[in-house]
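Engineer: Take 25 as the starting number for the sequence shown in the numbering used here and just add one per residue.
Note that CB positions come from ideal geometry on N, CA and C, so glycine has one too.
I am attaching a structure below and will ask some questions about it afterwards.
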Amino acid sequence: MPSLPWKTFRILLMSLGGGTLLAMLLFLAVNLWMLTSTRSRIDLELSQCQPERVGIVFGTSHWTRSGARNPHFEGRMRAAASLVHDGRVAHLLLSGDNSTRYYNEPVTMWKDLRGRNIPDAVMTLDYAGFSTFDTLARARDVFAVKRALLVTQSWHLPRALFIADALGIEARGCAAPERPSDSTLRLRAREWVARVATLGDLYLWGREPHFLGPMEPLEITPRRGPVSASGAASEDDTARESTNDSSASTPR
């Protein structure tokens with residue numbers, strides 16, 4: 025007959041194996057839940073993205089670890105500019121990390137989009153978008169956003185849309201153009217883990233954004249039709265002239 029220590033060890037192994045299997049099944053189930061529940065609201069081609077008054081652009085680093093321009097940043101900027109120029113989005117909320125004076129995602133996005141002839145009047149900067157959750161919670165509680173088009177890569181959109189649903193924001197996803205890079209596989213793998221953590225943030229430990237502050241509803245100027253480069257420059261000049269000082273040229 026097996027000795028007592030061996031029987032105890034075998035029971036322990038079976039318990040660990042059962043627990044591991046259960047964890048893997050839960051991990052897969054959560055990911056499939058987010059993917060299937062949001063799939064119908066994600067437009068994978070830029071030309072298919074639905075019109076919306078507000079587009080929320082999620083921040084990311086301008087550069088990769090190797091020092092090259094980040095293709096994910098480039099894709100998001102290209103998508104955001106295209107949506108405004110085509111008249112499908114009236115206002116952009118640029119939300120990202122500004123945790124130190126040397127790292128400022130919102131300002132980097134603002135500068136890039138100005139170079140693509142997007143006027144200051146249609147951009148608002150959120151300096152406390154430290155995470156996907158923070159960006160969306162602040163969009164609702166600080167900038168009074170109730171409906172939005174979320175602009176980011178396709179692998180990020182299911183989690184972003186899931187969080188928006190939980191926060192009561194009516195949202196669709198617009199997938200930014202994407203090309204393979206050294207970081208893509210790592211980011212996709214990390215996203216699978218982040219989806220599971222998001223479930224805990226929303227339903228278990230009641231996560232709150234790092235910073236909120238007073239409400240500052242977006243000032244959205246009605247837009248008619250597509251925006252040309254010359255029209256964007258003209259609108260930018262008009263916005264500057266409508267103030268008594270130089271504050272109009274400062275990111276909000």
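Give the single residue among V175, P95, A105, T222 whose Cα lies nearest to the Cα of I142.
Structural biologist: Indexing the sequence shown from 1 puts residue 142 at position 118. Closest option to I142, Cα to Cα, is A105.
Engineer: May I have the straight-line CA-CA distance separating L117 from E202, to the nearest angstrom?
Structural biologist: Translated into positions along the sequence shown, residue 117 becomes position 93. Translated into positions along the sequence shown, residue 202 becomes position 178. Those two C-alpha atoms are separated by around 21 Å.
Engineer: With distances taken Cα to Cα, identify the nearest neighbour of H234 among R164, R171, T159.
Structural biologist: To locate residue 234, count along the sequence shown from 1; it is residue 210. Minimum Cα distance to H234 is reached at T159.
Engineer: Have a look at M133, T245, I66, E215 and flag the residue whose alpha-carbon is nearest the alpha-carbon of V54.
Structural biologist: As a working note, residue 54 is residue 30 in the sequence shown. With distances taken between Cα atoms, V54 lies closest to E215.
Engineer: What residue ranges within the region 163-224 form continuous beta strand (DSSP E) runs of no fewer than 3 residues, ordered along the chain?
Structural biologist: Counting only runs of 3 or more, we get 171-176, 194-199.
Engineer: Take the Cβ of R196 as the centre, count every other Cβ of all protein chains shown within 10 Å, and call the residue buried at 16 or more, exposed below.
Structural biologist: Translated into the one-based positions of the sequence shown, residue 196 becomes position 172. So R196 counts as buried.
Engineer: Any contact of the region 82-90 with the region 44-60, i.e. 3+ C-beta pairs under 8 Å?
Structural biologist: Not touching, per the Cβ criterion.
Engineer: Helix or strand or just coil, what does DSSP make of I35?
Structural biologist: Reading the sequence shown from its first residue, position 11 is the one you call residue 35. Reduced to three states, the DSSP call for I35 is helix.
Engineer: Could you say which of S61, L149, R125, L228 lies nearest to K135 if we only look at CA atoms?
Structural biologist: Start at 1 with the first residue of the sequence shown, and residue 135 comes out as number 111. The residue with the shortest Cα to Cα distance from K135 is L149.
Engineer: State the Cα-Cα distance for the pair T176 and H86, rounded to the nearest angstrom.
Structural biologist: Here residue 176 corresponds to residue number 152 of the sequence shown, with the count starting at 1. Here residue 86 corresponds to residue number 62 of the sequence shown, with the count starting at 1. Each residue's Cα considered, the two are about 14 Å apart.
Engineer: Identify whether E129 lies in helix, strand or coil by the three-state DSSP scheme.
Structural biologist: Translated into positions along the sequence shown, residue 129 becomes position 105. In this structure, E129 counts as helix in the three-state DSSP scheme.
Engineer: Any idea what DSSP makes of L52, helix, strand or coil?
Structural biologist: Residue 52 sits at position 28 when you count from the first residue of the sequence shown. Correct three-state label for L52: helix.
Engineer: Quick check on E98: does DSSP put it in helix, strand or coil?
Structural biologist: Translated into the one-based positions of the sequence shown, residue 98 becomes position 74. It is helical.
Engineer: Between G237 and V166, how many whole angstroms is the CB-CB distance? I'm expecting something under 8 Å.
Structural biologist: Looking up residue 237 in the sequence shown gives position 213. Looking up residue 166 in the sequence shown gives position 142. Going by Cβ atoms, the distance from G237 to V166 rounds to 6 Å, so yes, they are a contact pair.
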